[in-house]
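Asks: With my numbering, letter number 640 in the sequence shown gets 639, and the count goes up by one each step, no holes. Note that CB positions come from ideal geometry on N, CA and C, so glycine has one too. Treat the numbers as computed from the prediction; the structure is a model and nothing was measured.
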Amino acid sequence: MSRTALRICPLCEATCGLSVTLDGDRVTAVRGDRDDVFSKGFICPKGVAFGELDADPDRLTGPLVRRDGVLQEATWDEAFAAVQAGLRPVIEEHGGNAVGVVLGNPNVHTVAGALYPPVLLAGLGSRNVFSASTVDQMPKHVSSGLLYGDALAIPVPDLDRTDHLVVIGANPLDSNGSLCTAPDFPGRIRALRRRGGRLTVIDPRRTRTARLADEHLAVRPGTDALLLFAMVRVLFEEGLVDLGERAAHLGRADEVERLAADFTPEAVAPLCDVPADRIRGLARELAAAPTAAVYGRIGSTTVEFGTLTSWLVDVLNILTGNFDRPGGIMFPLSATGAAPRPAGPGRGFALGRWHSRVSGHPEAKSELPIAALAEEIDTPGEGRVRAVVAIAANPVLSVPDGDRLDAAFASLDFMVSVDPYLNETSRHADVVLPPPPPSRSAHFDFAFNALAVRNQVRYSRPLLPLAAGTQNQPDECEIHARLILCVGGQDGADPGLVDTMVIDRTLGKAVADPNSPVCGRQPADLARELSGLTGAERRLDMMLRLGPYGEGFGADPEGLTLDRLLDHPHGIDLGPLAPRVPGVLNTRSGVVELCPEPIAAEAARLRGRLGAAPDGVLLVGRRHLRSNNSWMHNVPALRGGSNRCTVHVHPDDAARLGLADGGLARLKGDGGELEVPVEITDAVRPGVVSLPHGWGHNRPGARLTVAAADPGVNVNQLNAGRLLDPLSGTAVLNALPVLLTPVP
Ligand SMILES: Nc1nc2c(c(=O)[nH]1)N[C@H]1C(S)=C(S)[C@@H](COP(=O)(O)OP(=O)(O)OC[C@H]3O[C@@H](n4cnc5c(=O)[nH]c(N)nc54)[C@H](O)[C@@H]3O)O[C@H]1N2
Ligand SMILES: Nc1nc2c(c(=O)[nH]1)N[C@H]1C(S)=C(S)[C@@H](COP(=O)(O)OP(=O)(O)OC[C@H]3O[C@@H](n4cnc5c(=O)[nH]c(N)nc54)[C@H](O)[C@@H]3O)O[C@H]1N2
Ligand code: SF4
Ligand SMILES: [Mo]
0 MSRTALRICP LCEATCGLSV TLDGDRVTAV RGDRDDVFSK GFICPKGVAF GELDADPDRL
60 TGPLVRRDGV LQEATWDEAF AAVQAGLRPV IEEHGGNAVG VVLGNPNVHT VAGALYPPVL
120 LAGLGSRNVF SASTVDQMPK HVSSGLLYGD ALAIPVPDLD RTDHLVVIGA NPLDSNGSLC
180 TAPDFPGRIR ALRRRGGRLT VIDPRRTRTA RLADEHLAVR PGTDALLLFA MVRVLFEEGL
240 VDLGERAAHL GRADEVERLA ADFTPEAVAP LCDVPADRIR GLARELAAAP TAAVYGRIGS
300 TTVEFGTLTS WLVDVLNILT GNFDRPGGIM FPLSATGAAP RPAGPGRGFA LGRWHSRVSG
360 HPEAKSELPI AALAEEIDTP GEGRVRAVVA IAANPVLSVP DGDRLDAAFA SLDFMVSVDP
420 YLNETSRHAD VVLPPPPPSR SAHFDFAFNA LAVRNQVRYS RPLLPLAAGT QNQPDECEIH
480 ARLILCVGGQ DGADPGLVDT MVIDRTLGKA VADPNSPVCG RQPADLAREL SGLTGAERRL
540 DMMLRLGPYG EGFGADPEGL TLDRLLDHPH GIDLGPLAPR VPGVLNTRSG VVELCPEPIA
600 AEAARLRGRL GAAPDGVLLV GRRHLRSNNS WMHNVPALRG GSNRCTVHVH PDDAARLGLA
660 DGGLARLKGD GGELEVPVEI TDAVRPGVVS LPHGWGHNRP GARLTVAAAD PGVNVNQLNA
720 GRLLDPLSGT AVLNALPVLL TPVP
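Encoded structure:
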C-alpha cells in the first residue's frame, strides 16, 4: 500500500514543500507540494532525489566506536559511554576550552542543530567554537552586528516586489538562494523581468543567473568593495542620496561620504575591470528605480574585504532609500523569533571580546575562524584543543588546508562526530553517532524563516517512525541531548531533562520580562500547557507561543501554537514582509550605526589597494545545481553531466598557457598543488579559473562507495588558509592567486 505525506525539503535554503510517496518504509516518488503556502509546487533535482539520498546504503545505521584503533559497530549505550569516557578526562584535566566544537552547515537544516548546540556550548563553556560560518556568511553577521546591533538581523531583498535586483557574487539559479530563502528563486527572477523589472548580476563568471540578467558585469574577483565604494561616491557626488522614510533611524551619512571620497569610478575601474561609466550608470539606475534591492552572497563574503563588502551592500540600499521598505531590503519576522524591541538604545554588538590562542584572531559572534582550527590543535602549549566534538561538519574538505586538519584530527586525544556518513572528517572520530535519515526526522526552519522573502511557518513531523532493529535508534535531538549529558558527566540520565531545563529557563525569563505577554505568570503553569510528542516539539510549541504571532499562553487565543500549526500541513502564510525599523534595532545609539569604527579602519586598508596593478590568475569557486557542499557526491542520481570536478579556463588563457580541453592542468596555490581536468569555456572571464569545492573523496577509511569511484580533488588544498577577512575571521576562498600550467 502506498501513501503520500508532506515534508519540507532539508537539502538547501529554499525550504520547498515536498509531497512524498511511500511504499511501506520506502520513499518511491517525490513531487513538489502544490499546496505549500510558500513553495507552491516548486522542486529541484535534489528534492526529487530525496528518496535516494534518504536510502543511501552507505548511511550508517548504528554508532561506531573505535576499539584497538578500528571503528567497530556498537550499541548506543556503549557509544555514549565511550563519549563520556573520552571527553570527561579532557575536561577535568584541562577545562572545557580543551574541547573544540565544530558545527557544520547541515545544523541549520535540522531541528537538533537549531535547538541543542547552544545548550552544549553553554554546558562546555569552551571558547574554541568553529563553524561553517567562517567559510561562509560571518561577514554578513558582523556587518549586521555593527549596523543594526544584532548579528542575526540580516535584511533580505524583497524579491517579489522589487523593480531592480542587483546580485553580487551569488548564483541562485544553481544554489537556489542563500541568506534569502525563496523557493523557486529562478521563477521569482523571471517574474521580476516579466513585470518590467531589471536584473543586474556582478560575477566574474557568466553564470546561469547572469544569463537571465539585463546586464552582467564580469568584475575582477576580490574587487567588489572598490566597485561598491565608487557607486557610493557617485550617489553623493551627483546628489542622488535619498534616505527615504527611515531617515530618522539612521546615523550620520556624511561619514560614509568621507570614507568614499578617494574611490572615484576612474580610480577603481582598472582594478575592477568594470568601465567607470558603467559604475556611474549602475549607481544612477539604483537611485532612479522606484524600488531596488542589492543582494550579495558567497562571492561578496568569502573574500579579503568580506565584511566591508557586506556593509557596502546594505549601505547602497540605505543611501537609495531602499532600506526597510517594500521592494527594497527588509527584515523578515519569524514565528519563533524575538518579538520587536521597544525603540531606543539597546545592548549593541561587540567584536573581538577574546582572541584565538595561536594567531590572536578576534572572536566574532562567539566563534573563532575555522581556518585556524588545525593550528589550535597542532600547536603545542597550554590551552591547546585536545578533543573535538564535530556535528554535521566535514572541515577536512570544506576548510583551507584539509591535509593539515586531517593530520591534526588524527592527533587528538578524543573525537566524536555526529554524522550519517563515515567520511573524510568522521573517519577520525573515536565515536561516530549517526542521526536517522530525513524521512525519520521532524523538520522546522528555525534559521531560514528569519531569512525568508515571505513570512510563513511550516512544520513536518517524521514521515516514518525511527527504524526498529537498529537497537533503538534515537532521533538526532536525543543524540544531541545525550551528548550534552555526557559532557556534564551525566550519561544515563533522562535526555528529556535537557529540554525540561531549557523550557524552565526560557519561561523563567519570559515571566520576568515586562514586555512579555506572560509577565508575572508561573513558569510551571505555563510548562504544563505545552503540547508535543517530544521534548523538541514542546520547545517548538513554547517558542511559537512566545513568538511574535504566538497565542502568548492565552493572551491571544487566535495566535500560533504547535497544535494550530499541525492543523495546517501545507503551512500558514503570515503575509508579505513589513517594515521593522526601529523594532529590529539593538544598537547602543538606538539608530542604524552607519559608520562604525572597524568599518572605517577597513576602508582605510582598502584605500591602500588603489593603484596596485593586478596580475596573475585568480581562482573562484562554483556550485552545481545537483550538489551540496561535500556530501551529495554519493548519490548516483546527482552525479555526472556537468556536475564535475573540472577547472574552468577561458579560451584566451588556455591558448596562452597551452591548455587543452579535457587535458590536465596543474594548479598551485600557497597551500599546495593539484592536477585537474580542464574544461575550456568563456563562462569564466579571462584571468579567472573556477573549481568547485567539496570534492576529494579519496582518503582511506571513508565509506562513500559511489563518491570514491570518481573522487575529484579538494580545491581547498590549494589554500593555506592564512588569508582571512580580518573583522569576521572568514577564510578567503575566492580571488585566490594560483599558478596554472599544463601537465604534459
Ligand atoms: N573552496 C570553497 N570552500 C567552501 C565553500 C566554497 O564556496 N568554496 N563553501 C563553504 C560553505 S558556504 C559552507 S556552508 C561549508 C560547508 O562545510 P561543512 O558544513 O563542513 O560541509 P558539508 O559538506 O555541508 O557537510 C557537513 C556534514 O554534515 C553531514 N550531514 C548531512 N546531513 C546531516 C544531518 O542531518 N545531521 C548531521 N548530524 N549531519 C549531517 C554530512 O555527512 C557532512 O559530513 O563549506 C565551505 N567551503
Ligand atoms: N546546488 C547547490 N546549492 C547550494 C549549495 C551547493 O553546494 N550546491 N550550497 C549551499 C550553501 S552552504 C551556500 S552558502 C549557498 C551559496 O549560494 P551562492 O552564493 O549563490 O552560491 P555560489 O554558486 O557559490 O555563488 C557564488 C558566486 O560568486 C562568484 N564570485 C566568486 N568570487 C567573486 C568575487 O570576488 N566577486 C563577485 N562579484 N562574485 C564572485 C562565483 O563565480 C559564483 O558564481 O548555496 C547553497 N545552495
Ligand atoms: S530547491 Fe532546495 S529545498 Fe527546494 S527541492 Fe531543491 S534542494 Fe530541496
Ligand atoms: Mo554555506
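1. Restricting to Cα atoms, I'd like to know which of Leu367, Phe228, Ala28 is closest to Asn127.
2. Can you tell which of Ala54, Gly570, Arg537, Leu559 has its C-alpha closest to the C-alpha of Arg544?
3. I'd like to know whether the C-beta atoms of Leu717 and Asp660 end up nearer to each other than 9 Å.
4. Are Thr199 and Asp173 closer than 9 Å when you measure CB to CB?
5. Are there any heavy atoms of ligand 2 lying less than 8 Å away from the beta-carbon of His748, as far as the coordinates show?
6. Could you name the residues that DSSP lists as bridge partners for His163?
7. Do Val110 and Cys476 count as a contact pair if the criterion is CB distance below 9 Å?
8. Three or more C-beta pairs under 8 Å: does that hold for the region 168-185 against the region 36-45?
9. Could you check if Thr206 belongs to the surroundings of ligand 2, using beta carbon to heavy atom distance under 8 Å?
10. Note the first and the last residue of the continuous alpha helix (DSSP H) segment covering Val110.
11. Using the Cα positions of Leu637 and Ala48, report the straight-line distance between them to the nearest angstrom.
12. Between Leu227 and Leu609, is the Cβ-Cβ spacing less than 9 Å?
13. What does a CB cutoff of less than 6 Å around Leu738 pick up in its chain, not counting 5 residues either side in sequence?
14. Please confirm whether any heavy atom of ligand 3 lies closer than 8 Å to the CB of Glu12.
15. Could you check where the beta strand (DSSP E) with Leu738 kicks off and where it finishes?
16. Checking the sheet assignment: what are the DSSP bridge partners for His215?
17. Taking 9 Å as the threshold (C-beta atoms), are Val69 and Val387 in contact?
18. Closest to Ala287 by C-alpha separation, out of Gly531, Val240, Ala603, Pro105, would be which residue?
19. Rounded to the nearest angstrom, what separates Trp353 and Ile376 at their Cα positions?
20. Look at the Cβ atom of Thr306, then the Cβ atom of Leu732, and state whether they are nearer than 9 Å.
21. I need the straight-line Cα distance from Pro154 to Gly85, nearest angstrom please.
22. Grab the span of the beta strand (DSSP E) containing Ala4 for me, first residue to last.
23. Using 10 angstroms around the beta-carbon of Lys508, count the other beta-carbons present and answer buried if the total reaches 16, otherwise exposed.
24. Give the C-beta separation of Thr817 and Gly243 to the nearest angstrom, bearing in mind that I take them to be a contact with Cβ-Cβ under 8 Å.
25. Ligand 4 and Asp173: does any heavy atom of the ligand fall closer than 8 Å to the residue's C-beta?
26. Tell me which residue opens and which closes the beta strand (DSSP E) that Phe129 is part of.
27. Within 8 Å, do at least three Cβ pairs link the region 456-467 to the region 482-489?
28. Ignoring anything shorter than 3 residues, give me the beta strand (DSSP E) runs that lie fully in the region 279-358, in order along the chain.
29. Can you tell me whether DSSP reads Ala428 as helix, strand or coil?
30. Residues in the same chain with beta-carbon distance under 6 Å from Arg219, minus the five sequence neighbours each way, listed in chain order, please.
31. I'd like to know if the region 136-143 and the region 290-304 are in contact, where contact means that at least 3 CB-CB pairs between them fall below 8 Å.
32. Is the beta carbon of Leu564 closer than 9 Å to that of Val456?
33. Alpha carbon to alpha carbon, how far is Arg335 from Leu576?
34. Which residues does DSSP list as the beta-bridge partners of Ile571?
35. Apart from the five residues on each side of it in sequence, which residues of its chain come closer than 7 Å, Cβ to Cβ, to Arg279?
36. For the beta strand (DSSP E) containing Phe262, list its first residue and its last residue.
Replies: Based on what the coordinates show:
1. As a position in the sequence shown, residue 127 is number 128, starting the count at 1. Residue Leu367 is the option with its Cα nearest to Asn127.
2. Sequence index remark: in the sequence shown, residue 544 carries index 545 (1-based). Answer by Cα proximity: Leu559.
3. Locating residue 717 in the sequence shown gives position 718, where the first residue counts as 1. Locating residue 660 in the sequence shown gives position 661, where the first residue counts as 1. In this structure, Asp660 does not lie closer than 9 Å to Leu717 by Cβ.
4. Walking along the sequence shown from the start, residue 199 turns up at place 200. Walking along the sequence shown from the start, residue 173 turns up at place 174. Not closer than 9 Å, so no.
5. Any property of residue 748 remains undetermined from this structure, which presents the chain solely from 0 to 743.
6. Working through the sequence shown from its first residue, we reach residue 163 at position 164. Paired residues: Arg197.
7. Here residue 476 refers to the residue found at position 477 of the sequence shown. Here residue 110 refers to the residue found at position 111 of the sequence shown. Taking 9 Å as the Cβ cut-off, Cys476 and Val110 qualify as a contacting pair.
8. yes
9. Position 207 of the sequence shown, counted from the first residue, corresponds to residue 206. Answer for Thr206: yes, Cβ within range of ligand 2.
10. The sequence position of residue 110 within the sequence shown is 111, counting from 1. Start and end: 110-114.
11. Position 638 of the sequence shown, counted from the first residue, corresponds to residue 637. Position 49 of the sequence shown, counted from the first residue, corresponds to residue 48. Rounded to the nearest angstrom, the two C-alpha atoms are 7 Å apart.
12. Counting from one through the sequence shown, the residue named residue 227 turns up at place 228. Counting from one through the sequence shown, the residue named residue 609 turns up at place 610. Not a contact, by the Cβ cut-off of 9 Å.
13. Here residue 738 is taken as the residue at index 739 of the sequence shown, counted from 1. Counting only Cβ-Cβ distances below 6 Å, and skipping sequence neighbours, we find Lys667.
14. Taking the sequence shown and counting its residues from 1, one reaches residue 12 at position 13. Yes - ligand 3 has a heavy atom lying nearer than 8 Å to the Cβ of Glu12.
15. As a position in the sequence shown, residue 738 is number 739, starting the count at 1. Counting along the chain, the beta strand (DSSP E) containing Leu738 begins and ends at 735-741.
16. The residue given as residue 215 occupies position 216 in the sequence shown. His215 is bridged to Val200.
17. By one-based count along the sequence shown, residue 387 stands at place 388. By one-based count along the sequence shown, residue 69 stands at place 70. No, the Cβ-Cβ distance between Val387 and Val69 is not below 9 Å.
18. The sequence position of residue 287 within the sequence shown is 288, counting from 1. Among Gly531, Val240, Ala603, Pro105, the Cα nearest to that of Ala287 is on Val240.
19. For the purposes of this step, residue 353 is identified with residue 354 of the sequence shown, where counting begins at 1. For the purposes of this step, residue 376 is identified with residue 377 of the sequence shown, where counting begins at 1. Cα to Cα, the separation comes out at about 18 Å.
20. Taking the first residue of the sequence shown as 1, we reach residue 306 at position 307. Taking the first residue of the sequence shown as 1, we reach residue 732 at position 733. In this structure, Leu732 does not lie closer than 9 Å to Thr306 by Cβ.
21. Along the sequence shown, one-based indexing puts residue 154 at 155. Along the sequence shown, one-based indexing puts residue 85 at 86. Distance between the alpha carbons of Pro154 and Gly85 is about 42 Å.
22. Reading the sequence shown from its first residue, position 5 is the one you call residue 4. Its beta strand (DSSP E) spans residues 1-7.
23. As a first step, residue 508 is located in the sequence shown; it is residue number 509 there, counting from the start. By the 10 Å Cβ count, Lys508 comes out exposed.
24. Residue 817 cannot be examined here, being either before or after the span of the chain that is shown, 0 to 743.
25. Stepping through the sequence shown from its first residue, residue 173 is reached at position 174. Flag unset: Cβ of Asp173 not near ligand 4.
26. Locating residue 129 in the sequence shown gives position 130, counting from the first residue. Looking at the DSSP string, the run of the beta strand (DSSP E) that includes Phe129 is 128-130.
27. no
28. 292-295
29. The residue you call residue 428 lines up with position 429 of the sequence shown. Note: Ala428 maps to coil in three-state DSSP.
30. Locating residue 219 in the sequence shown gives position 220, where the first residue counts as 1. The residues are Cys271, Asp272.
31. yes
32. Here residue 456 corresponds to residue number 457 of the sequence shown, with the count starting at 1. Here residue 564 corresponds to residue number 565 of the sequence shown, with the count starting at 1. In this structure, Leu564 lies closer than 9 Å to Val456 by Cβ.
33. Counting from 1 along the sequence shown, the entry for residue 335 is found at position 336. Counting from 1 along the sequence shown, the entry for residue 576 is found at position 577. At residue 335 the sequence reads Thr, which differs from the Arg that was named. Approximately 16 Å, taken between the alpha carbons.
34. For this step, residue 571 is matched to residue 572 along the sequence shown. Looking at the DSSP assignment, Ile571 forms a beta bridge with Val456.
35. Reading the sequence shown from its first residue, position 280 is the one you call residue 279. So the list reads Val233, Pro264, once near-sequence residues are dropped.
36. On the sequence shown, position 263 is the one that residue 262 refers to. Segment: none, Phe262 is in no beta strand (DSSP E) and carries neither H nor E.
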